[in-house]
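Since the structure comes first, as C-alpha cells, the remarks are kept for the end.
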Amino acid sequence: MAVMSRQKLGDLLVRHGFITPQQLADSLEEQRKTEARLGSILVKRGYLTEQNLIEVLEFQLGIPHVVIAKKQIAPETVELVPEQLARKYKVFPVDRAGERIILGMLDPTDVFAIDELRLSLNMEIQPVIVTEEDLNRAINQYYGMRGSIEEVFKDLDIEFEQTKEEPQYDDLEAAEEAPIVKLVNLIMTQAVKERASDIHLEPTEKELLVRFRIDGHLKKIMTSPKNTQAAIISRIKIISGMNIAEKRLPQDGRVQIRVEGTAIDMRVSAIPTLFGEKIVMRLLFKTNIMARMEQLGFIPMTLEKFRTVYRQPHGIILVTGPTGSGKSTTLSAVLNELNSPDINILTVEDPVEYQIPGVNQVQVNNKAGLTFAAALRSFLRQDPDIIMVGEIRDRETAQIASQAALTGHLVLSTLHTNDAPSTVTRLIDMGIEPFLVASTLAGVLAQRLVRSLCKQCKEPYRLQPDDPYYKIVTTVFPNFDPDKHLFYRGRGCPECHNTGYARRMAIHEVLIINQELRATIAQNVPAAALKDVAVGNGMLTLFQDGLVKAMEGLTSLDEIVRAAYTFE
12 MAVMSRQKLG
22 DLLVRHGFIT
32 PQQLADSLEE
42 QRKTEARLGS
52 ILVKRGYLTE
62 QNLIEVLEFQ
72 LGIPHVVIAK
82 KQIAPETVEL
92 VPEQLARKYK
102 VFPVDRAGER
112 IILGMLDPTD
122 VFAIDELRLS
132 LNMEIQPVIV
142 TEEDLNRAIN
152 QYYGMRGSIE
162 EVFKDLDIEF
172 EQTKEEPQYD
182 DLEAAEEAPI
192 VKLVNLIMTQ
202 AVKERASDIH
212 LEPTEKELLV
222 RFRIDGHLKK
232 IMTSPKNTQA
242 AIISRIKIIS
252 GMNIAEKRLP
262 QDGRVQIRVE
272 GTAIDMRVSA
282 IPTLFGEKIV
292 MRLLFKTNIM
302 ARMEQLGFIP
312 MTLEKFRTVY
322 RQPHGIILVT
332 GPTGSGKSTT
342 LSAVLNELNS
352 PDINILTVED
362 PVEYQIPGVN
372 QVQVNNKAGL
382 TFAAALRSFL
392 RQDPDIIMVG
402 EIRDRETAQI
412 ASQAALTGHL
422 VLSTLHTNDA
432 PSTVTRLIDM
442 GIEPFLVAST
452 LAGVLAQRLV
462 RSLCKQCKEP
472 YRLQPDDPYY
482 KIVTTVFPNF
492 DPDKHLFYRG
502 RGCPECHNTG
512 YARRMAIHEV
522 LIINQELRAT
532 IAQNVPAAAL
542 KDVAVGNGML
552 TLFQDGLVKA
562 MEGLTSLDEI
572 VRAAYTFE
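By the count of our numbering, the sequence shown reaches residue 579 at its end, each step adding exactly one.
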C-alpha cells in the first residue's frame, strides 16, 4: 500500500520529464529493499534534485513549500505531535488553525501516512512541503534530547522529581547497566551533534546537571535524578581509564569515540566537590579536512603580514590564545600551505587533531616518556625543515625550540598568553635569555574566538553617544562617525535558537619581530612597552581587528568588548 502512494509521486515525476520510467523502476526496487522514501532515493541516486521535487509538488499539485527555519514555532504547537510520530513519518508541526494542524512533510502525497496521523492526532491534516535538511534540523532543534532521555529514564524506572538519598549499590555494577550506558552514550552523542567543545556534569544537592559549552558559552542540556549520579560518573570514569574507587582526589583520563563517522578524542577531568565528583569532558574533533588560511577569518592585511612571518626560512613562530581558541586549526592550515614534496615536516601533538598527508605526525605518550621535549630533541636528528610542537609548556621545550631555530629550522608552536607582546615576556619568564628570544623569535599570532552574528536575523544600528561602548570605540578609533560606521546585532530567530549568534570566528593580532623590536626585547622591557613599539610599527591589536569585523557585520560589539577589550 505504501509503495502505491510513493509510485503516485513517481508517476508524477515521470509525467513531467524529471525522471525516466527506468529510473523510477530502479528506485522503486531499492525502495522495496530498504523501505526508504522514494524522493530520498531519487535524490541520492542523482536522478533529480530536492528542488525538482518541490517544484512538482508545489506547482503541479498546489501544495505550498514552507521553510521551517524562518518560522517561530510555538512550543504548544510542537507538543501536538509526539517526537516518535515526527521521526517515524518524517513530519513536523508548523502551525495550528482550530482543529486543523499544518504539517511539514517530505512526501505530502503519502495519503496513508496522512490517514495514520489524522487518527493518531485526532485532527485534520494540512500537508505542506519541506526539505529533508530543514525537517531534520527542526526535529533536532525543537525536540532535542528530550524524547530519548525520557525513554532512558523509563528503563531506569526513576521519576524525574525523585530526590531521595543515593541507594547503596556497587558503582561498577550500576555503571554497566544498559540504561546508564545508553544515557552516557546519548549525552556524548548529542554533544558531538551540537559541536560542543566541552561537556560538564555538575553534581548539585538534589540532581546532576549536564551542560554543554557551545560557541564558547555554557548551555543547560538536562538534569538527571540524584540517584543516577554515582552510576553515571562511574561509567565515565570506567571508559576514560580512571580509578572509580578513588573519589577524594582529582583524576584525569581520556577516551576515543566515533559518532556518525567522526572520530573524537575526549579529555576527561574529575574533581571532588561538595555534592560529589564533577566531570568535564573536552571534545577534540579529529578530521582530515583542513581549512585554508583564507577561511580562518583574517582581514586581508593581517593575513598578508602573517604570511610574511611563516614563510621565513627559520625562526620560532608562535600562535597564542586561551584553550579552545583555534590555535591547532590555524597551525594545521599553515602547515598545509607550507607542505610540499621537497621538504621534511615533523610534528608532535597532544592529540593529533588534523591528519595532514605528507607530514610526519607524532602523538605524545607521557606514560612511555614521549613528551614534547623528548620528541623535539629526536626531531633534530631527523633532518627536518619545519618542526611543529603542539605546545611549549616548560623551559626545556622552549630551550630546544630556540636551539632548533638557531640552527636554521622553522619551528611552529603555541603558548597561552593574553596578547602577542605578552608572549615575549612569557618566554623570558620561562628562563629563556632575552637576547636568545630576540634572535630566534620571528613572529607571534594572537587570536581569540568570538561568536558570529546569525546571518538570518542580524540588523544594523547606529552607535549613539549615550551607549556605554561609545567612549571605548571613539578612544580606539578617533575618526569614528556614527552616521558612516554602523554596527550590527542579532535579533534572534529559530535558526540561531533565538541567541542572535551562529558559530564562531577568530579575531587576530600579528606581531612581526623587526630590528627595532629585537633591540627592545634584548633590553628586557615590560610587555606594555613592547606593545607600544609594535603598534607604532603598524600592528593591529585584537580589539582593533575585532572592531573592523564588527563594523563589517560579522560579529557584535558586545562580543569584541567581552573578548578583547582591556579596561585600564
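Positions of the beta carbon are idealized from the N, C-alpha and C atoms, including for glycine.
Starting from residue i and walking both ways along the beta strand (DSSP E), at which residues does that stretch end?
{"i": "ASN371", "result": "371 to 374"}
{"i": "THR234", "result": "228 to 236"}
{"i": "ILE74", "result": "Counting along the chain, ILE74 falls outside any beta strand (DSSP E), and DSSP gives it neither H nor E."}
{"i": "GLY454", "result": "452 to 464"}
{"i": "VAL359", "result": "356 to 360"}
{"i": "LYS297", "result": "287 to 297"}
Whose C-beta lies closer than 8 Å to the C-beta of residue i among residues of the same chain, with five residues either side of it excluded?
{"i": "ASN151", "result": "LYS204"}
{"i": "ALA561", "result": "PHE498, TYR499, SER567, LEU568, GLU570 and ILE571"}
{"i": "LEU59", "result": "LEU24, PHE29, ILE30 and LEU53"}
{"i": "ASP494", "result": "ARG473"}
{"i": "GLN534", "result": "PRO445"}
{"i": "ARG406", "result": "MET441, GLY442 and ILE443"}
{"i": "LYS175", "result": "Interpretation of LYS175 is limited by its pLDDT of 37, a score under 50 that renders its predicted location unreliable; the figure taken from the coordinates is listed afterwards. So the list reads LYS237 and ASN238, once near-sequence residues are dropped."}
{"i": "ARG259", "result": "PRO283"}
Between which two residues does the alpha helix (DSSP H) holding residue i run?
{"i": "LEU219", "result": "Here LEU219 belongs to no alpha helix (DSSP H); instead the beta strand (DSSP E) covers 218 to 225."}
{"i": "THR4", "result": "Here the chain comprises residues numbered 12 to 579, so residue 4 is not present and cannot be evaluated."}
{"i": "THR331", "result": "Taken as a continuous stretch (DSSP letters only), THR331 belongs to no alpha helix (DSSP H), being part of the beta strand (DSSP E) at 326 to 331."}
{"i": "SER433", "result": "431 to 440"}
{"i": "LYS99", "result": "94 to 100"}
Excluding the 5 residues flanking residue i on each side, which residues of the same chain have their C-beta closer than 6 Å to its C-beta?
{"i": "GLY264", "result": "SER251, GLY252, MET253 and VAL279"}
{"i": "ASP226", "result": "ARG462 and ARG515"}
{"i": "TYR481", "result": "LEU474"}
{"i": "VAL363", "result": "GLN372 and GLN374"}
{"i": "HIS427", "result": "none"}
So, with DSSP's three-state summary, where would you put residue i?
{"i": "ASP181", "result": "The predicted model places ASP181 with a pLDDT of 44, which falls under 50 and marks its position as unreliable, so this point remains unresolved."}
{"i": "ILE250", "result": "helix"}
{"i": "GLU135", "result": "strand"}
{"i": "ARG43", "result": "helix"}
{"i": "ALA207", "result": "coil"}
{"i": "GLY335", "result": "coil"}
{"i": "SER389", "result": "helix"}
{"i": "ILE130", "result": "The amino acid occupying residue 130 in the given sequence is Leu; Ile does not appear at that position. Helix at LEU130."}
{"i": "GLU172", "result": "Summary for GLU172: the model assigns pLDDT 36, below 50, so the residue's position carries little reliability; its value from the coordinates is reported in the next sentence. Coil at GLU172, not helix or strand."}
{"i": "PHE498", "result": "strand"}
{"i": "ARG17", "result": "The pLDDT assigned to ARG17 is 40, lower than 50, so where the model puts this residue is not dependable; a value taken from the coordinates is nonetheless given after this. Reduced to three states, the DSSP call for ARG17 is helix."}
{"i": "GLY28", "result": "coil"}
{"i": "LEU474", "result": "coil"}
{"i": "GLN534", "result": "coil"}
{"i": "ILE403", "result": "coil"}
{"i": "GLU520", "result": "strand"}
{"i": "ALA561", "result": "helix"}
{"i": "LYS82", "result": "coil"}
{"i": "MET304", "result": "helix"}
How should residue i be labelled, buried or exposed, when 16 other C-beta atoms within 10 angstroms of its C-beta is the threshold for buried?
{"i": "HIS420", "result": "buried"}
{"i": "GLN95", "result": "exposed"}
{"i": "GLY547", "result": "exposed"}
{"i": "SER424", "result": "buried"}
{"i": "VAL422", "result": "buried"}
{"i": "GLU172", "result": "Model confidence at GLU172 stands at a pLDDT of 36, short of 50, so the residue's coordinates are unreliable and nothing is read from them."}
{"i": "LEU553", "result": "buried"}
{"i": "ASP492", "result": "exposed"}
{"i": "VAL577", "result": "Strictly speaking, residue 577 in this sequence is Thr, with Val absent from that position. The residue in question, THR577, is exposed, as its Cβ has fewer than 16 Cβ neighbours within 10 Å."}
{"i": "LEU357", "result": "buried"}
{"i": "THR284", "result": "exposed"}
{"i": "ALA575", "result": "buried"}
{"i": "SER351", "result": "exposed"}
{"i": "ALA453", "result": "buried"}
As a quick exercise: from the options, pick the residue whose alpha carbon is nearest that of residue i.
{"i": "PRO432", "options": "VAL448, LEU423, VAL422 and GLY442", "result": "VAL448"}
{"i": "ARG134", "options": "TYR153, ILE112 and MET116", "result": "The displayed chain sequence assigns Met, not Arg, to residue 134. Nearest option by C-alpha distance: ILE112."}
{"i": "ALA274", "options": "ASP118, LEU346, MET199 and ALA241", "result": "MET199"}
{"i": "ALA241", "options": "MET312, LEU541, ALA281 and ALA302", "result": "ALA281"}
{"i": "ALA344", "options": "GLN42, GLU305, GLY401 and ALA384", "result": "GLU305"}
{"i": "ALA409", "options": "MET441, THR436 and ILE310", "result": "MET441"}
{"i": "GLU520", "options": "ILE290, ASN355 and LYS542", "result": "LYS542"}
{"i": "LEU381", "options": "ASP396, LEU438, ARG246 and VAL400", "result": "VAL400"}
{"i": "PRO138", "options": "LEU114, ASP145 and LEU49", "result": "LEU114"}
{"i": "LYS217", "options": "LYS338, ARG322, ASP396 and GLY287", "result": "GLY287"}
{"i": "LYS338", "options": "ILE255, GLU402 and ASN63", "result": "GLU402"}
Please list, in chain order, all residues of the same chain as residue i whose beta carbon is under 7 Å from its beta carbon, the five residues on each side excluded.
{"i": "VAL455", "result": "LEU329, THR331, ALA431, THR434 and LEU522"}
{"i": "ALA207", "result": "PHE223, ARG224, ILE225 and LEU294"}
{"i": "ARG388", "result": "ILE411"}
{"i": "HIS325", "result": "ALA416, GLY419, HIS420 and LEU421"}
{"i": "ALA302", "result": "THR340 and ALA344"}
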